[in-house]
Every structure is written in structure tokens, then in C-alpha cells.
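Chains as they are written, first to last, in the working numbering: chain A, 1 to 111; chain B, 112 to 284.
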């Protein structure tokens, strides 16, 4: 992970309709708390992801409200009931108002 | 070209595993004994009691989130390490056996770390589309403290899981 806001979403390779899958995600972000200083003594201002919105098939399925207490390069995983083939997208918003998006297509294996 | 692979000998593996197990058991026993003694010293009844809010801040957060509703222990599996070596990265897994049905589901999970500067660390708002409550992430911890995972159902019930984590390296500055 290099640039701030670079994000990845991972779902299982083979998904069947109705499966309960685990979605893993990671985004590159410093998550500065505002309590630290640089080696020169200058304060490092707070800079963190404060909201994550998860959308599946145009429906908001989850919304996370975070503080800078989440570790650097935040990971979050959650379950999802896959009822249809549709995009799963995540939108991360930081406290500077920057918005980072990533999405992945949920498609079923043909049986 | 392939290197000759030396198969590790598995003889004695079983007894080694048993040895580790007994060590872990002994350590757990020691810890349990100690906490019992601590409880005896502070006059609290032994057994899994709910941790009291340690300060005004946590009391205020709990009041704001749940008002007068009783916070009952149960239905929440909060999985964290007993000892966090690096307070900057402490894994958290929150699971629940409560249903995620359209008419009865867990609508929010609140993660509260008592002695962190921002005690109300995260709120996870969920919907039945998730199918289950199983969240994991990594958090920062300032020092040894109780961690509370408190979830709220759409019907207004409040369930909690608690765990105490020993932090050896401050992750909050």
C-alpha cells in the first residue's frame, strides 16, 4: 500500500447465491490522532477516516463511524448475505472531507 | 533441480503440544487466582461482574447511547488478545448470535475503550442484509483497560461483551 486512499476489497473466489460471505477491506491512510509530534516537535494534526459506507445492489448495508482510534491503514471485515449479482462498493471519508471509493462485483459461479 | 527435503520428525509432537497446553492451563490458573485475590482485596464479589464506568466520560457516552435502558451481558463475543504488545495495532473481533432478520436485527455495535482519549472508538451501523454480526478490525489502545462491545437491536435491547486487555506499549501518544 502506498498512496493515501488506495483501497482494496476482497471477497471469496467462488460465491453461490445465498452464501454468507466475509468481505475484507483495507485502505491506506495514516490515521493520525493529533496527539503525536514529529521529531522536530511540530504537532501532527488529526487526520483519519471518520466514515465508511458499504453499498450492495444500490442499498446501504452498513455504515461505520470511526475515530482516530482505528489503527493506521484501517482494515475492516464484515459478513454479507449474497442474494443477487451486483456491485459491492465502499466509500471512505476522512476528516478533511476527502472521499475514497472502491467497488467489486459480486458474481455467482455457474453450477 | 530439487533440493532433498528433510521431513521434520513428528515423533514427540503430540506430547509437546500437550506440554504447551498444560503450560497455558497453568498460566490461566495463575491469572484466575490473581484476579480472584484482587477481587477479594477490593471487596467485589467474584465471578464475571460488569465493569463499572471508570470515569465521567464513559458514563456520559453510555448514557447518551443507551439512556436508562439496562445493558445486559450476553450475546456478544468480543475477541481480543489478553495482552497487546503493541498498543498501535490491537486486533478486535466482534461476533453475536443474535439474528439478522428483517424484523429483528442488530442495528448498531459500539466499541468503547475505557481509558482511550476517544473512548467511543467506533460505531458500526448494520442492516439485516449483512446476514450475521461478525466484524473485525484493528484498533489503538493507550493503556491497560476494559474494552466494551455493546450492541443494540432494532427492538431496543442492549447487549454487551467485555474484555480486559493488558497494553504494554502505548499506541495513542
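Note that the Cβ used here is the ideal one computed from N, Cα and C, for glycine as well.
Provide the residue span of the beta strand (DSSP E) that contains residue i, from first to last.
i	result
residue 288 of chain B	In the structure as shown, chain B begins at 112 and stops at 284. Residue 288 of chain B is therefore absent and cannot be evaluated.
residue 265 of chain B	First-last for residue 265 of chain B: undefined, no H or E at that position.
residue 221 of chain B	217–224
residue 188 of chain B	187–190
residue 206 of chain B	201–207
residue 103 of chain A	99–106
By DSSP, does residue i sit in helix, in strand, or in coil?
i	result
residue 87 of chain A	strand
residue 241 of chain B	helix
residue 161 of chain B	coil
residue 231 of chain B	strand
residue 236 of chain B	strand
residue 248 of chain B	strand
residue 94 of chain A	strand
residue 277 of chain B	strand
residue 288 of chain B	Beyond the ends of chain B as shown, which are 112 and 284, falls residue 288 of chain B; an answer cannot be given.
residue 109 of chain A	coil
residue 183 of chain B	strand
residue 327 of chain B	Residue 327 of chain B falls outside the range modelled here, since chain B spans only 112 to 284, and no answer is possible.
residue 149 of chain B	For residue 149 of chain B, the pLDDT reaches just 42, beneath the cut-off of 50, and the residue's location in the model is therefore unreliable, although a value from the coordinates is still provided. Three-state DSSP puts residue 149 of chain B in a helix.
residue 213 of chain B	coil
residue 3 of chain A	coil
residue 272 of chain B	strand
Buried or exposed for residue i, going by 16 or more other Cβ atoms inside 10 Å?
i	result
residue 237 of chain B	buried
residue 208 of chain B	exposed
residue 45 of chain A	exposed
residue 231 of chain B	buried
residue 259 of chain B	buried
residue 142 of chain B	Caution is warranted here: a pLDDT of 49 is assigned to residue 142 of chain B, below 50, making its placement in the model unreliable, and no coordinate value can be reported.
residue 279 of chain B	exposed
residue 29 of chain A	buried
residue 74 of chain A	buried
residue 206 of chain B	buried
residue 99 of chain A	exposed
residue 253 of chain B	buried
residue 174 of chain B	exposed
Residue i CB to nearest chain B CB: under 7 angstroms?
i	result
residue 9 of chain A	no
residue 98 of chain A	no
residue 27 of chain A	no
residue 39 of chain A	no
residue 75 of chain A	yes
residue 89 of chain A	no
residue 65 of chain A	yes
residue 49 of chain A	no
residue 93 of chain A	no
residue 61 of chain A	yes
residue 15 of chain A	no
residue 35 of chain A	yes
residue 108 of chain A	no
residue 70 of chain A	yes
residue 55 of chain A	no
Would you please verify whether the beta carbon of residue i is less than 7 angstroms from any beta carbon of chain A?
i	result
residue 242 of chain B	yes
residue 235 of chain B	yes
residue 250 of chain B	yes
residue 190 of chain B	no
residue 247 of chain B	yes
residue 197 of chain B	no
residue 225 of chain B	no
* To do: Please list the segments of the beta strand (DSSP E) lying wholly inside the region 9–90 of chain A, counting only runs of 3 or more residues, in order along the chain.
  => For the region 9–90 of chain A, the continuous beta strand (DSSP E) assignments of 3+ residues that do not extend past its boundaries occur at 20–27, 49–56, 59–66 and 75–81, in sequence order.
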